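**Student:** A single structure is presented below for examination.
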Amino acid sequence: MPTMTAAEKRAQDKAKYNAFLDVCPSRQLLDRISDKWVTLVLAALGSGPDCDGDPRPLRFSELSRVLAGVSQKMLTQTLRSLERDGLLTRTVTPTVPVTVTYELTDLGLSLHQLTRGIKGWAEQHIDEVFAGRAAYDSRGA
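Oh and the sequence shown: position 71 is 71 in the UniProt record's numbering, straight run, nothing missing.
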């Protein structure tokens, strides 16, 4: 079997994980992180309950308050999927009642940097998007 150079190995790995290909497993991850609740959970955990501080663990109830409109079921499903993907950790503290906190892992923090930028972009440019929608709709297209 012939040996591969480092450049050939990188090219092979790049071809293996190309999200533009329908068989690429990275598409599953893109599906997960493109969900609005995933983006908002990552932003909240990475910024604390006031969403402008430092990353820190949050309890389920704190996350629920920060994420207006999320159902208990949806928040639970989102947190479980992020834990399964290794993006956050769930810590149970045996108190009365039991305290459960969620915290981003290093992998989750790296993704938080990107989602925080997307969240900020959306907040900064929503008026322009509304104007674009209104202009499009007024054309009757």
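For each residue, glycine too, the CB sits at the ideal point set by N, CA and C. Remember, it's a predicted structure, so these values are computed and weren't measured experimentally.
My guess is that I33 and L111 are in contact by the Cβ rule of under 8 Å, so how many angstroms apart are they, rounded?
**Tutor:** Position 33 of the sequence shown holds residue 33. Position 111 of the sequence shown holds residue 111. Sure, about 7 Å apart at Cβ, within 8 Å.
**Student:** According to DSSP, what are the bridge partners of Y102?
**Tutor:** Against the sequence shown, residue 102 aligns to sequence position 102. L58, R90.
**Student:** So, is G69 buried or exposed, given that buried needs 16 or more other C-beta atoms within 10 angstroms?
**Tutor:** What you label residue 69 is simply residue 69 of the sequence shown in a count that begins at 1. The residue in question, G69, is exposed, as its Cβ has fewer than 16 Cβ neighbours within 10 Å.
**Student:** Within this structure, are the beta carbons of P55 and Y102 separated by less than 8 Å?
**Tutor:** Position 55 of the sequence shown, counted from the first residue, corresponds to residue 55. Position 102 of the sequence shown, counted from the first residue, corresponds to residue 102. The answer is no: Cβ separation not under 8 Å.
**Student:** Please state whether DSSP places R139 in a helix, a strand or coil.
**Tutor:** Residue 139 sits at position 139 when you count from the first residue of the sequence shown. Reduced to three states, the DSSP call for R139 is coil.
**Student:** Could you check if T99 is buried or exposed, using at least 16 other CB atoms within 10 Å of its CB as the buried criterion?
**Tutor:** As a first step, residue 99 must be located in the sequence shown, where it is residue number 99. So T99 ends up on the exposed side.
**Student:** Cβ atoms of R133 and S47: under 8 Å apart, would you say?
**Tutor:** Your numbering for residue 47 matches position 47 in the sequence shown. Your numbering for residue 133 matches position 133 in the sequence shown. Not a contact, by the Cβ cut-off of 8 Å.
**Student:** Considering only their Cβ atoms, is the gap separating L75 from L87 smaller than 8 Å?
**Tutor:** Taking the first residue of the sequence shown as 1, we reach residue 87 at position 87. Taking the first residue of the sequence shown as 1, we reach residue 75 at position 75. No, the pair does not count as a contact, with Cβ atoms beyond the cut-off.
**Student:** Where does the unbroken alpha helix (DSSP H) through A44 begin, and where does it stop?
**Tutor:** In the sequence shown, counting from the first residue as 1, residue 44 sits at position 44. A44 -> alpha helix (DSSP H) spans 36 to 47.
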